[in-house]
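**Student:** As you go down the protein sequences, you meet chains A and B in turn. Everything in the first sequence is counted per the numbering used here, starting at 106 for the first residue and increasing by one. Everything in the second sequence is counted per the numbering used here, starting at 106 for the first residue and increasing by one. Cβ coordinates follow ideal geometry from the N, Cα and C atoms, glycine included.
Number of protein chains: 2
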Amino acid sequence: TNNRALLDMPIKDFIISSEKVAHVQSGNSAEHALLVLTKTGYSSIPVLDVKYRLKGLLSTKMITESILGLERIEYDKLADIRVDEVMNQEVVYLKVSDTFQRALDLVINHAFLCVVDDEGTFVGIMTRRIILKQLKKYIYQ
Amino acid sequence: TNNRALLDMPIKDFIISSEKVAHVQSGNSAEHALLVLTKTGYSSIPVLDVKYRLKGLLSTKMITESILGLERIEYDKLADIRVDEVMNQEVVYLKVSDTFQRALDLVINHAFLCVVDDEGTFVGIMTRRIILKQLKKYIYQ
Ligand SMILES: Nc1ncnc2c1ncn2[C@@H]1O[C@@H]2COP(=O)(O)O[C@H]3[C@@H](O)[C@H](n4cnc5c(N)ncnc54)O[C@@H]3COP(=O)(O)O[C@H]2[C@H]1O
Ligand SMILES: Nc1ncnc2c1ncn2[C@@H]1O[C@@H]2COP(=O)(O)O[C@H]3[C@@H](O)[C@H](n4cnc5c(N)ncnc54)O[C@@H]3COP(=O)(O)O[C@H]2[C@H]1O
Numbered sequence: 106t107n108n109r110a111l112l113d114m115p116i117k118d119f120i121i122s123s124e125k126v127a128h129v130q131s132g133n134s135a136e137h138a139l140l141v142l143t144k145t146g147y148s149s150i151p152v153l154d155v156k157y158r159l160k161g162l163l164s165t166k167m168i169t170e171s172i173l174g175l176e177r178i179e180y181d182k183l184a185d186i187r188v189d190e191v192m193n194q195e196v197v198y199l200k201v202s203d204t205f206q207r208a209l210d211l212v213i214n215h216a217f218l219c220v221v222d223d224e225g226t227f228v229g230i231m232t233r234r235i236i237l238k239q240l241k242k243y244i245y246q
Numbered sequence: 106t107n108n109r110a111l112l113d114m115p116i117k118d119f120i121i122s123s124e125k126v127a128h129v130q131s132g133n134s135a136e137h138a139l140l141v142l143t144k145t146g147y148s149s150i151p152v153l154d155v156k157y158r159l160k161g162l163l164s165t166k167m168i169t170e171s172i173l174g175l176e177r178i179e180y181d182k183l184a185d186i187r188v189d190e191v192m193n194q195e196v197v198y199l200k201v202s203d204t205f206q207r208a209l210d211l212v213i214n215h216a217f218l219c220v221v222d223d224e225g226t227f228v229g230i231m232t233r234r235i236i237l238k239q240l241k242k243y244i245y246q
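(1) Around the Cβ of T145/B, are there at least 16 other Cβ atoms within 10 angstroms (buried) or fewer (exposed)?
(2) Starting from S164/A, follow its DSSP beta bridges and name the residues at the other end.
(3) Hey, I120/B and I236/B are a contact pair by Cβ (cut 8 Å); roughly how many whole angstroms apart?
(4) CB-CB under 6 Å to R233/A, same chain, minus the five flanking residues each way: which ones, in chain order?
(5) Does the beta-carbon of N107/B, which I'm using as the reference point, lie nearer than 8 Å to any heavy atom of ligand 1?
(6) Whether or not the segment 126 to 143 of chain A and the segment 175 to 184 of chain A are in contact is what I'm after, with contact meaning three or more pairs of Cβ atoms, one per stretch, closer than 8 Å; do they touch?
(7) Measuring CB to CB, does V228/B end up less than 9 Å from S122/B?
(8) Mind pulling the chain A residues with CB within less than 7 Å of N108/B?
(9) Which residue from M114/A, L159/A, K117/A, Y147/A puts its Cα closest to that of V196/A?
(10) Mind pulling the chain A residues with CB within less than 9 Å of Y198/B?
(11) With distances taken between CB atoms, is the gap from V126/A to V152/A smaller than 9 Å?
(12) For the segment 115 to 146 of chain A, list the alpha helix (DSSP H) runs that are entirely contained and at least 4 residues long, ordered along the chain.
(13) Grab the span of the beta strand (DSSP E) containing L199/B for me, first residue to last.
(14) Taking the beta carbon of K156/B as the centre, do at least 16 other beta carbons fall within 10 Å, making it buried, or is it exposed?
(15) With a threshold of 8 Å, establish whether the CB of P151/A neighbours any heavy atom of ligand 2.
(16) On the CB-based measure, 16 or more other CB atoms within 10 Å of its CB, does G161/B come out buried or exposed?
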């Protein structure tokens, strides 16, 4: 494959599909979300609504930052905070029709990217790991 | 640059040097470490000893997992746990003399890599972001 062929590749073969993506629901408590993050082991995951639309991104850092008191981290407050209050609502995302080039440009600054279809429904994620594997394959041939 | 030239590049120009790397000291409490992780915003950082030797890697996930009780996350226990008890001591690292190829092979499975000199002193890190920037530059020319 030459450079242009790789850059023009559609991303669909590289997407981790939604059923394999750990996420939380809009409306969940930050306490529940922190358990999901800890048990799945991911540092940042999507927040979806009941129709599987993308609402935001939530990370352990955002949760801990929100309860960083003057003297200690105030974990007792977590049950009363909803994910919607602490998540990042400005999500940079990809469309299913985007190319590898678009994904490469964006993962410079994002560890993973959410992918949505034309209706705005969340369909999966593109990770740096997958992009790096493709680049390595390309560069080693 | 052709493929071989990029892969053979020494990593030294791409290292984020140690003074810019957030870290904790061996012997610190997990409570102190969680504050450092939260304030710096990184999900995983190196653990160094007083001589700046690399002892392990510590992530927020490792800390939270260690206090995941049956009913709730037991944050009151953090002051009594040392980072050495929860960190990952099997650190995959690079030597200053390694090439870009070695770094590329390893970042497939690691978001960042610690770099040590011949004495085993920590000198900095190589991140996926830096590697992706180089690959993008190479692929766009
Ligand atoms: N259970 C596991 N098994 C094997 N390796 C693991 C792992 N958890 C993490 N890693 C490794 O650590 C990297 C960073 O993970 P992190 O959770 O910070 O950052 C992740 C996480 O925020 C998100 N992510 C990846 N897969 C996910 C999934 N199935 N569900 C939800 N979020 C996911 O995308 C980011 C980048 O993922 P990427 O694969 O490039 O990079 C991952 C992967 O190389
Ligand atoms: N303060 C900040 N400003 C701008 N962007 C930020 C940022 N904090 C995080 N990011 C972005 O998020 C990515 C994942 O960060 P994370 O903390 O999970 O994972 C980081 C962290 O574990 C470690 N790391 C990076 N820089 C570090 C530093 N100066 N000190 C300690 N650890 C660092 O290397 C991993 C990969 O870093 P990478 O740069 O490839 O990828 C970073 C970067 O693209």
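**Tutor:** Here's the rundown:
(1) On the second sequence, position 40 is the one that residue 145/B refers to. Around the C-beta of T145/B, fewer than 16 other C-beta atoms lie within 10 Å, and the residue is accordingly described as exposed.
(2) Mapped onto the first sequence, residue 164/A falls at position 59. DSSP links S164/A through a beta bridge to S149/A.
(3) Position 15 of the second sequence, counting from 1, holds the residue named residue 120/B. Position 131 of the second sequence, counting from 1, holds the residue named residue 236/B. At roughly 11 Å, the Cβ-Cβ gap does not stay under 8 Å, so I120/B and I236/B are not in contact.
(4) Residue mapping note: residue 233/A aligns to position 128 of the first sequence, counting from 1. So the qualifying residues of the chain are V212, A216.
(5) One-based indexing of the second sequence puts residue 107/B at position 2. No.
(6) By the Cβ test, the segment 175 to 184 of chain A is in contact with the segment 126 to 143 of chain A, since at least three Cβ pairs between them sit closer than 8 Å.
(7) Taking the first residue of the second sequence as position 1, residue 228/B is located at position 123. Taking the first residue of the second sequence as position 1, residue 122/B is located at position 17. In this structure, V228/B sits near S122/B, with a CB-CB distance shorter than 9 Å.
(8) Start at 1 with the first residue of the second sequence, and residue 108/B comes out as number 3. Ordered by position in chain A, the residues that pass the 7 Å Cβ test against N108/B are I244.
(9) By one-based count along the first sequence, residue 196/A stands at place 91. Among M114/A, L159/A, K117/A, Y147/A, the Cα nearest to that of V196/A is on L159/A.
(10) Mapped onto the second sequence, residue 198/B falls at position 93. By Cβ distance, chain A contributes nothing, its closest Cβ being about 18 Å from Y198/B, past 9 Å.
(11) Here residue 126/A refers to the residue found at position 21 when the first sequence is read from its first residue. Here residue 152/A refers to the residue found at position 47 when the first sequence is read from its first residue. No, Cβ-Cβ distance for V126/A and V152/A is not below 9 Å.
(12) With a minimum length of 4 residues, the continuous alpha helix (DSSP H) runs that stay inside the segment 115 to 146 of chain A are 135 to 145.
(13) The sequence position of residue 199/B within the second sequence is 94, counting from 1. For L199/B, the enclosing beta strand (DSSP E) begins and ends at 198 to 200.
(14) For the purposes of this step, residue 156/B is identified with residue 51 of the second sequence, where counting begins at 1. Exposed is the call here.
(15) Counting from 1 along the first sequence, the entry for residue 151/A is found at position 46. Answer for P151/A: no, Cβ out of range of ligand 2.
(16) Translated into positions along the second sequence, residue 161/B becomes position 56. Note on G161/B: 16 or more other CB atoms within 10 angstroms of its CB, so buried under the neighbour-count rule.
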